[in-house]
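To start, the structure under review is shown below, and the notes come after it.
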Amino acid sequence: MQKRKKAVKVDDNKNTELYEALALIEKERGIPVDFMISQIQKAIVTACKNTYGGNDDVTIDMNSETGVFEVFLNKQVVEEVFDSNREIPLDEAMKIDPYASVGNKVRIRLDPKDFGRIAVQTARNMIRQGIRDGEKGQVLAEFQSKLQDIVTATVEQIDAKTGNATLRLGRAIAILPKNEQVNGETLSDGDQIKVYVVDVKTSDKGPRAIISRTHPDFVKRLFESEVPEIFDGTVEIKSISREAGSRTKIAVLSHDENVDAVGACIGPRGQRVGTIVDELGGEKIDIVEYSEDPVKFITAALSPAEVLKVDVDANGEKVCKATVPDGQLSLAIGNKGQNVRLAAKLTGWKIDIRPESGFFGEDESENSENEPSYIGDGLDEEDNA
Numbered sequence: 001m002q003k004r005k006k007a008v009k010v011d012d013n014k015n016t017e018l019y020e021a022l023a024l025i026e027k028e029r030g031i032p033v034d035f036m037i038s039q040i041q042k043a044i045v046t047a048c049k050n051t052y053g054g055n056d057d058v059t060i061d062m063n064s065e066t067g068v069f070e071v072f073l074n075k076q077v078v079e080e081v082f083d084s085n086r087e088i089p090l091d092e093a094m095k096i097d098p099y100a101s102v103g104n105k106v107r108i109r110l111d112p113k114d115f116g117r118i119a120v121q122t123a124r125n126m127i128r129q130g131i132r133d134g135e136k137g138q139v140l141a142e143f144q145s146k147l148q149d150i151v152t153a154t155v156e157q158i159d160a161k162t163g164n165a166t167l168r169l170g171r172a173i174a175i176l177p178k179n180e181q182v183n184g185e186t187l188s189d190g191d192q193i194k195v196y197v198v199d200v201k202t203s204d205k206g207p208r209a210i211i212s213r214t215h216p217d218f219v220k221r222l223f224e225s226e227v228p229e230i231f232d233g234t235v236e237i238k239s240i241s242r243e244a245g246s247r248t249k250i251a252v253l254s255h256d257e258n259v260d261a262v263g264a265c266i267g268p269r270g271q272r273v274g275t276i277v278d279e280l281g282g283e284k285i286d287i288v289e290y291s292e293d294p295v296k297f298i299t300a301a302l303s304p305a306e307v308l309k310v311d312v313d314a315n316g317e318k319v320c321k322a323t324v325p326d327g328q329l330s331l332a333i334g335n336k337g338q339n340v341r342l343a344a345k346l347t348g349w350k351i352d353i354r355p356e357s358g359f360f361g362e363d364e365s366e367n368s369e370n371e372p373s374y375i376g377d378g379l380d381e382e383d384n385a
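Residue numbers (our numbering): 1 to 385.
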């Protein structure tokens with residue numbers, strides 16, 4: 001009698017160790033104990049099926065709170081046994097359950113040691129796969145919780161050949177391609193940087209986060225974090241155009257007549273926009289006021305150049321001609337056409353820049369081939385391709 005009590009105590013300790021191990025996995029890898037228990041139960045059913053001729057009629061009692069871990073194989077009570085894996089004679093059944101009767105089932109307690117070597121190996125593989133699946137699920141959930149948002153990541157490695165950066169985002173790893181890094185910035189191992197989670201893809205290798213520091217919405221999220229009026233909806237970002245590492249234009253609109261949208265984004269003494277510029281490595285940012293009036297919006301979008309007038313296409317096409325002082329032509333066009341190109345993307349209008357001297361009012365058919373102008377088409381590069 002004492003020996004039996006001692007044996008039960010040892011089993012209880014083993015069960016305690018099992019659940020402690022599961023709790024440790026949950027703590028270190030974020031895989032819930034309940035998920036791991038479900039994987040163990042599936043593995044046990046498979047092991048029984050492989051050991052007992054396909055019989056998967058198994059009762060498993062696992063409770064992490066009480067430490068209980070018991071496995072029973074269910075067999076049909078019969079007068080004559082034809083399949084010993086699924087059936088048991090009445091006399092043996094009554095040794096297990098005195099109330100057993102033909103037609104009913106009895107539960108036979110199993111010891112995992114009774115499982116065959118192949119069955120045990122199969123169960124182990126299933127449990128390992130369960131852990132991997134659980135980790136993938138945790139990574140996917142972590143990525144999805146940050147989808148289209150900014151996360152802070154740690155640079156773990158820079159590929160000397162491609163320039164791609166391997167980043168750690170919480171428990172997960174993601175790759176920041178060279179073409180998604182801001183031009184001119186230099187990343188080093190151990191750097192803490194912010195990235196924008198553009199999308200989440202799943203494959204046989206697991207979930208993968210598509211991250212970027214060049215996406216226009218990266219700037220949008222930075223403004224939302226730095227400008228309370230944007231976060232609470234008082235000020236709305238209507239559009240953004242960006243050439244990462246060089247210049248960004250952002251159009252904002254206030255829904256409160258007492259709040260200046262542009263001023264709110266700039267902040268006291270330029271602190272708010274200054275913080276964003278620092279995060280972007282000195283990238284220039286033009287903040288303009290959005291307007292439903294295309295003339296006003298296009299005029300603002302061409303800032304910092306002065307615009308004398310904007311003539312929109314009479315046929316309703318989103319095409320316009322903007323006239324600027326002769327001395328402002330280069331400023332309006334910008335370096336390699338950047339200013340008018342970003343203004344076109346910001347407004348969605350095709351903008352033809354003309355100098356003040358002598359082009360409007362003349363016969364355009366006579367001068368169209370010779371007149372100096374610059375056109376921003378309002379399309380992304382991929383749209384032009």
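Don't be surprised by glycine CBs; every beta carbon is placed ideally from N, CA and C.
This structure is a prediction, so every number in the text was calculated from the model and none was measured.
Inclusion of glutamate 289 and valine 312 in the CB contact set at 9 Å is not warranted, their separation being larger than that value.
Unbroken beta strand (DSSP E) stretches of 3 residues or longer found wholly inside the region 225 to 296: 235 to 243, 247 to 254 and 284 to 289, given in chain order.
Taken through DSSP and simplified to helix, strand or coil, threonine 299 comes out as helix. Only residues of its own chain outside the window of five on either side were considered, and among them Ser254 have a CB closer than 8 Å to the CB of aspartate 260, listed in chain order. Valine 277 and asparagine 125 have their C-alpha atoms roughly 51 Å apart.
The closest CA to that of arginine 213, considering only Pro228, Phe223, Ser84 and Ile193, is found on Ile193.
Residue state for valine 78 is assigned as strand, using DSSP reduced to three classes. Within the model, the alpha-carbon separation for lysine 75 versus glycine 30 is close to 38 Å. A direct Cα-to-Cα measurement between asparagine 85 and aspartate 34 gives close to 30 Å. Secondary structure at arginine 29: helix, using DSSP grouped into helix, strand and coil. In this structure, DSSP gives serine 101 a state outside helix and strand, which the three-state scheme calls coil.
In this structure, alanine 244 sits away from asparagine 335, with a CB-CB distance that is not shorter than 9 Å. In the DSSP assignment, alanine 305 falls outside any alpha helix (DSSP H), carrying neither H nor E.
The C-beta distance from alanine 153 to valine 195 rounds to 5 Å, short enough to fall under 8 Å.
Cβ neighbours of phenylalanine 143 within its own chain (closer than 7 Å, five residues either side excluded): Ala172, Val197, Val200, Pro207 and Ala209.
As computed with DSSP, serine 212 is found in a beta bridge with Tyr196. Per DSSP, reduced to three states, the secondary structure at serine 203 is strand. Excluding the 5 residues flanking it on each side, valine 81 has same chain C-beta neighbours closer than 6 Å at Glu87 and Pro89, in chain order. Burial state of aspartate 149 is exposed, judged by a 10 Å Cβ sphere holding fewer than 16 other Cβ atoms.
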